[in-house]
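Numbering (my numbering), first residue to last: 856 to 1076.
To start, the structure under review is shown below, and the notes come after it.
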């Protein structure tokens, strides 16, 4: 089946792509053939994850087309549903995300949008979330084991100081993240993978990349 990965340029979407490609190469019967990277973004202004030219550079290095889908107006749910329905109409049978868990106790957004389409009798892609529910530290270790080069592109107080911006996500950083999570003075406790928005990352090199991607001075906002 032809698949699209919903792309932010961070560690989770990159790991989801990596695992999908690995399953395909291993001949897994239900593996998806990823043919497209898709980024939902506002029609004007900065994309909140990373600069769009950086995402385009990642896609070029990975040998995949990258599509930016503008989300306009105030009815975000309807816009996402139209975009997902359109992807299905052009032959994208599956969308893959790097989502790990519900954020802020809210239902998973893409899952809800695909379900709403089906309930309305409209075709929607099948949603795959290969990282869903997995142990956070194990996911970070998987990135390291695969030798991805990952940098912190945006960090938030009180968990982080500005010096973390641009720092590599390496074994020492994982141990530092665990120490931050265990600090009783910091509430709520840090999610090791930053699922509540505590930090974002940018992947600049690794398996599948033909060449490194430059890390911008301000990769996150």
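In this text, a Cβ means the ideal position worked out from N, Cα and C, and glycines have one as well.
| Which value, in whole angstroms, describes the spacing of the CA atoms of residue 902 and residue 923? | With a pLDDT of only 48 at residue 902, under 50, the local geometry of the prediction cannot be trusted, and no value is derived from it.
| query | When DSSP labels each residue in this structure, what does residue 880 get in the three-state scheme? | reply | helix
| Are there three or more Cβ pairs, one per stretch, closer than 8 Å when the stretch 947-955 is compared with the stretch 903-914? | no
| Of all the options 961, 986, 896, which has the alpha carbon lying nearest to the alpha carbon of residue 871? | 986
| Per DSSP, what kind of secondary structure is residue 1020 in: helix, strand or coil? | coil
| In its own chain, which residues sit with a C-beta less than 8 Å from the C-beta of residue 1052, not counting the 5 before and 5 after it? | Result list for residue 1052: 958, 1011, in chain order.
| message | Helix, strand or coil, according to DSSP, for residue 867 in the structure here? | response | helix
| query | Does DSSP put residue 858 in a helix, a strand or coil? | reply | strand
| request: Look at the alpha carbon of residue 989 and the alpha carbon of residue 999, and state the distance between them as a whole number of angstroms. | output: Linking residue 989 to residue 999 through their CA atoms gives a straight-line distance of about 16 Å.
| said: Considering only the alpha carbon of each residue, which of 862, 1054, 873 lies closest to residue 896? | reply: 862
| message | Restricting to Cα atoms, I'd like to know which of 943, 967, 894, 1009 is closest to residue 978. | response | 943
| Where does residue 873 fall in DSSP's three states? | helix
| query | Taking one C-beta from the stretch 1030-1040 and one from the stretch 880-891 each time, how about it: are there three or more such pairs within less than 8 Å? | reply | no
| said: In the DSSP assignment, the alpha helix (DSSP H) including residue 909 goes from what residue to what residue? | reply: 907-917
| request: Would you check if there are 3 or more beta carbon pairs closer than 8 Å linking the stretch 969-976 to the stretch 1001-1015? | output: Because the criterion of three Cβ pairs below 8 Å is not met, the stretch 969-976 and the stretch 1001-1015 do not touch.
| field | Sequence-distant residues of its chain with Cβ nearer than 7 Å to residue 1065 (five each side left out) | value | Taking C-beta separations shorter than 7 Å and ignoring five residues to either side along the sequence, the partners of residue 1065 in its chain run 916, 918, following chain order.
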